[in-house]
Amino acid sequence: MKHLRLALGILIVAAAYVFMILSLPGLRTFLAAMLLFMLPTYLILDRYDFTDGEKLMFSFFIGIGVFSALVYNLSLLIGSIRISMALVFVVLVGLGIYLKLKR
Amino acid sequence: MRVRTLEILILAIVYLGALWLWTLPFQENTLPYGEGDATSHFVVADTQSQTDKPITTLPYYIDVRYGWDNKFRMHTLWYHPPYHMNFALLQILGGHRFLPVFFFNAILCTSMLFTVYFLVRRLFGFMPAILSAILLIFSGRDYMVYLWGQWPERISYALIPLILYCYFIYTESILENKQKPRYLYVLAFLLGVNFYVHPVGLFHTIAAIGLYSVVLLIKERRLMFKWKHAGIAVFIFLVMAAMFPLQTASVGIATVKEKAFEGNFMNLGRLFEWYPDAEQFVGGVPVTYFSYAFNNGTWTIPFLLVGILALALRRKRKDWLMLTWLISFYVMTHLDVIGKGRVHRSMAAEAHILYPLIAIGFTWLVSLIRLKRPLRTYLKVGASIAFIIVAIMINGKVAYSNLHNAYGGISRLTEPQLNVALWLKDNLGEFDKIEDFGTLTISKKRFIQYIGNRHIIKSNFKDDFDIPTHVMLDYSDLAVLQQIPEYRQQIEGMLQIEAQLENMTLQYDKENIKVYKLEAS
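As you go down the protein sequences, you meet chains A and B in turn. Note that this note's numbering has the first sequence beginning at 1, numbered continuously upward. Note that this note's numbering has the second sequence beginning at 104, numbered continuously upward.
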C-alpha cells in the first residue's frame with residue numbers, strides 16, 4: 001500500500017477522535033467495524049490490481065454484506081453468533097494472507 | 104506535501120467533521136431515539152446480540168407487529184439478515200447495547216460522502232468532489248431520514264455512486280479494449296450488498312446503469328460488456344440473493360404487489376413537478392421534506408442548472424453517466440404516475456446526484472474566468488472557500504440546529520422508561536401483554552416493548568387477541584408536561600384508571616411508572 005503510513009495515521013487520529021466524542025464504547029465499535037468489515041475483505045482484494053483507495057472502499061462496502069452474511073448462515077448451523085464471527089474472521093483473514101503469499 | 108496526500112487529509116478532516124455533526128444526537132445521551140423504523144431495526148439486531156442466536160422465526164414481541172412483513176413466509180425475518188447482523192456483532196464487540204447501533208448507522212449513513220467523493224474525484228477532479236462531499240454533510244433530507252431511523256434506505260443509496268464508479272471503469276476498459284472484468288465482479292458483489300441492505304437502492308442503481316448502457320449503446324454503436332464477464336457477474340449476484348431465499352422471495356412478491364399512492368395514477372401533470380404534493384403525505388412525512396429550499400438551499404439552484412447545462416453541452420461519456428443518473432432519479436421519483444414505487448422514499452436519494460451537479464456547475468463557472476497561473480489557482484481556491492462558507496452559513500446552520508436538538512428530553516426514551524423495560528424483561532412472561540398509558544409516543548412505547556422483549560398493546564389498535572395481562576401507568580413523561588392543560592387532563596384520566604385497579608396487584612412502582620398485574624391481590 002503506497003499510502004500505508006498516511007492511512008495508519010488517519011486511522012489513529014480518527015480512533016482518538018471517536019474516543020473523544022463517544023468514549024470507550026464508541027472507540028470499540030469503530031475499531032471492531034474496521035476489523036470485521038474492512039480487514040478481511042481488504043486482504044482478499046489486495047491480491048487484485050486495484051488502487052489503494054478502491055481497495056479501501058470496496059472492502060468496507062463488500063464487508064458489510066458478505067462478512068455478516070457468512071456469520072449469519074454459519075450461526076444457523078452452529079448456534080452461536082460469537083463463535084461464528086470468530087470463525088469467519090479467522091477463515092477470511094487466513095484466505096487473504098494465503099492469497100497474498102501465493103501471489 | 105504532495106497534492107494527493109493533501110487531498111486525502113482534507114477529505115479525512117471533512118469526514119471527521121461530518122461524523123461529529125451526525126453523532127450529535129447521541130454524544131451526550133446514548134438512550135435510543137427515532138421513529139418506528141428505528142425501533143424495528145434496533146430490535147432485530149438487539150435480539151440476536153442478546154441471545155447470541157440468529158433470528159429466522161420472529162419472537163412473539165416482534166411477530167405481533169412484523170409477522171406479516173415477509174410476504175413469502177409469514178412470521179419470519181422480513182429483511183435480509185446481514186444489515187442487522189452487522190449491528191449485533193458491533194453490540195457484542197462494542198460492549199454497549201445502544202451506542203454501537205446508532206454510531207455504526209451514523210458511519211454508514213455518512214459513508215455517502217466517501218462514495219460520492221470517490222466517483223466525482225475520478226470523473227471530474229478534486230474540487231467538485233470535495234465540494235459535493237461538504238454539501239452532503241448538510242443535506243436535509245439525508246439527516247432527517249437518518250434521524251427517523253430509516254437507515255437501510257440511506258445506506259443503499261450511498262452505494263449507488265460506488266456501483267456506478269465500477270460500471271464506468273469497466274465499460275471504459277471494454278470500450279478502450281483494455282478489459283478489466285474485476286470491476287464488474289466487484290460491482291456484482293456491491294449490487295448484492297445493495298440488495299441486502301434495501302431493495303429500493305438496488306432499483307435505483309439498476310435504473311441508472313440501464314439508462315447509461317442505452318446511451319453508450321447508441322453513442323458507441325457496440326456492446327459495452329463481454330457476455331462472459333456479465334455471466335459471471337450475474338452468477339455472483341444470484342448466489343448472494345439465493346443465500347437468503349425467504350427474504351429474496353419476499354422482495355419479489357412485494358415488488359409485484361406494491362402500489363403507489365393512487366391519486367397520482369395517470370396524472371400526467373406529475374411529470375412536470377419535481378416533488379409530489381406534500382399534502383398526500385400529511386401525518387407521515389413533514390412538509391419540509393418536500394421543500395428544495397429547506398433541504399438544499401435555493402442558492403444552489405443556479406449552480407445546479409449550470410452543472411446540468413455544462414454536462415449537456417460537453418456530453419463526454421462521464422458527463423452522460425451523471426446525466427443518466429439524474430434521469431434515472433427522475434424516473435424513480437415519478438413511478439407513481441404508473442401506480443408504482445414509493446416516490447417519497449426515493450426522493451431521499453436526491454442530494455447524491457444533485458450535489459455533484461451543483462459542485463460541477465460551480466467549478467465550471469469559475470473555470471470560465473481565464474487567468475494565468477498562479478492567479479487561476481488562487482481564484483479556484485478562493486472561490487471554493489467562499490462556496491464552503493456559504494454552504495456552512497446557510498445549510499450547515501440549519502443542519503447543526505436540527506441534529507443538535509434532535510430527540511432531546513422526553514422525546515426519546517428516558518432512564519425511568521429504560522428501567523421499566525428491563526424490569527419487564529426479567530419479571531414478565533414471554534406472552535404477557537401490557538397496556539401502556541401515558542408514554543408519550545408510539546416509538547417510545549415500541550422501544551420499551553423491544554428492550555423489554557414483551558408485547559405492549561397499542562391502545563388505539565386493540566383487537567380481541569389483545570386482552571392485557573398487565574397495565575402500565577407511565578406518569579414520567581406527563582409529569583414533565585403537566586403545566587399544559589391537555590396533558591394534565593390525561594394525568595387525571597390515568598388516575599381514574601388507577602383507581603379502578605385498586606384491587607389488582609401492584610408489581611412495579613418506581614420513578615413515576617407503575618405496573619399492575621390484572622389479577623386480584
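C-beta: ideal position from N, C-alpha, C; glycine also.
Please look up how many angstroms separate the CB atoms of residue i and residue j, rounded, as I've assumed it's under 8 Å.
i: B/L290; j: B/L305; result: Not quite, the Cβ-Cβ distance comes to about 12 Å (not below 8 Å), so this is no contact.
i: B/L407; j: B/I461; result: 5 Å
i: B/I499; j: B/F241; result: The sequence shown places Gly at residue 499 of chain B, not Ile. Indeed they touch by this definition, with Cβ atoms about 5 Å apart.
i: B/A454; j: B/D245; result: 6 Å
i: B/P231; j: B/P571; result: Not a contact, Cβ separation roughly 58 Å.
i: B/F298; j: B/A344; result: 6 Å
i: B/I116; j: B/V146; result: Rounded, the Cβ-Cβ distance is 36 Å, inconsistent with contact.
i: B/L124; j: B/Y503; result: 7 Å
Kindly indicate if chain A contains any beta-carbon less than 8 Å away from that of residue i.
i: B/G295; result: yes
i: B/Y299; result: yes
i: B/N280; result: no
i: B/D567; result: Summary for B/D567: the model assigns pLDDT 49, below 50, so the residue's position carries little reliability; its value from the coordinates is reported in the next sentence. For B/D567, the answer is no, since every Cβ of chain A falls outside 8 Å of its Cβ.
i: B/I263; result: no
i: B/R418; result: no
i: B/Q130; result: yes
i: B/A191; result: yes
i: B/W123; result: yes
i: B/F217; result: yes
i: B/D245; result: no
i: B/V289; result: yes
i: B/G252; result: no
i: B/G137; result: no
Would you say residue i reaches chain B, if we count a Cβ-Cβ gap shorter than 8 Å as a contact?
i: A/V71; result: yes
i: A/I12; result: no
i: A/V66; result: yes
i: A/V91; result: no
i: A/F19; result: no
i: A/M85; result: yes
i: A/R82; result: yes
i: A/G96; result: no
i: A/R47; result: no
i: A/I78; result: no
i: A/M38; result: no
i: A/L4; result: no
i: A/I62; result: yes
i: A/F28; result: The residue you asked about is not Phe; residue 28 of chain A is Arg in the sequence shown. Output row for A/R28: interface = yes.
In angstroms, rounded to a whole number, what distance separates the CA positions of residue i and residue j?
i: B/T154; j: B/K617; result: 28 Å
i: A/A7; j: B/I111; result: 9 Å
i: B/E376; j: B/V434; result: 12 Å
i: B/L202; j: B/I258; result: 18 Å
i: B/Y186; j: B/L527; result: 28 Å
i: B/T150; j: B/E138; result: 19 Å
i: B/A311; j: B/L581; result: 49 Å
i: A/I83; j: B/I554; result: 24 Å
i: B/V167; j: B/G485; result: 58 Å
i: B/L314; j: B/W428; result: 8 Å
i: B/M607; j: B/Q552; result: 22 Å
i: B/G444; j: A/L35; result: 37 Å
i: B/D567; j: B/R591; result: Any answer about B/D567 is weak, because its pLDDT of 49 lies below 50 and its placement is not dependable; what the coordinates show is given next. B/D567 and B/R591: Cα-Cα distance of roughly 30 Å.
i: B/F347; j: B/Q593; result: 47 Å
i: A/R103; j: B/V300; result: 33 Å
i: A/E54; j: B/C269; result: 10 Å
i: A/G94; j: A/K100; result: 10 Å
i: B/H558; j: B/K536; result: 5 Å
Give a yes or no on whether 8 Å exceeds the smallest Cβ distance from residue i to chain C.
i: A/A32; result: The structure shown contains no chain C; the protein chains it does contain are A and B.
Between residue i and the ligand PLP, is the CB less than 7 Å from at least one heavy atom?
i: A/L35; result: The model on display carries no ligand, and the ligand PLP is accordingly not part of it.
Exercise. Determine, using beta-carbon pairs with one atom in the stretch 501-514 of chain B and one in the stretch 531-540 of chain B, whether at least three such pairs fall under 8 Å.
Key: no
Self-check item: Segment contact, 8 Å Cβ cut-off, at least three pairs: the stretch 403-415 of chain B with the stretch 213-230 of chain B
Solution: no
Quiz item: Which runs of the beta strand (DSSP E) spanning at least 3 residues fall entirely within the stretch 517-590 of chain B, listed in chain order?
Solution: 536-540, 558-560 and 573-577
Quiz prompt | Unbroken stretches of the beta strand (DSSP E), 3 residues or longer, contained in the stretch 263-293 of chain B | solution = none
Quiz prompt | the stretch 512-527 of chain B in contact with the stretch 259-267 of chain B per 3-pair CB rule at 8 Å | solution = no
Quiz prompt | Cβ contact check for the stretch 452-472 of chain B and the stretch 381-390 of chain B: 3 or more pairs under 8 Å | solution = no
Practice problem: Could you tell me whether the stretch 175-185 of chain B touches the stretch 583-598 of chain B, where touching means 3 or more Cβ pairs closer than 8 Å? | Solution: no
Quiz prompt | Length-filtered (4 minimum) alpha helix (DSSP H) runs lying within the stretch 188-220 of chain B | solution = 202-213
Exercise. Kindly confirm or deny that the stretch 324-334 of chain B and the stretch 271-282 of chain B touch, where touching means at least three C-beta pairs closer than 8 Å.
Key: yes
Quiz item: Which whole runs of the alpha helix (DSSP H) in the stretch 298-354 of chain B are 4 residues long or more, in chain order?
Solution: 302-323 and 330-345
Quiz item: Would you call the stretch 16-26 of chain A and the stretch 248-255 of chain B touching, i.e. three or more CB-CB distances under 8 Å?
Solution: no
Quiz item: Pairing CB atoms from the stretch 63-73 of chain A with CB atoms from the stretch 37-46 of chain A, are three or more of them under 8 Å?
Solution: yes
Exercise. Check whether the stretch 121-135 of chain B touches the stretch 66-77 of chain A, counting contact only when three or more Cβ pairs, one atom from each stretch, lie closer than 8 Å.
Key: no
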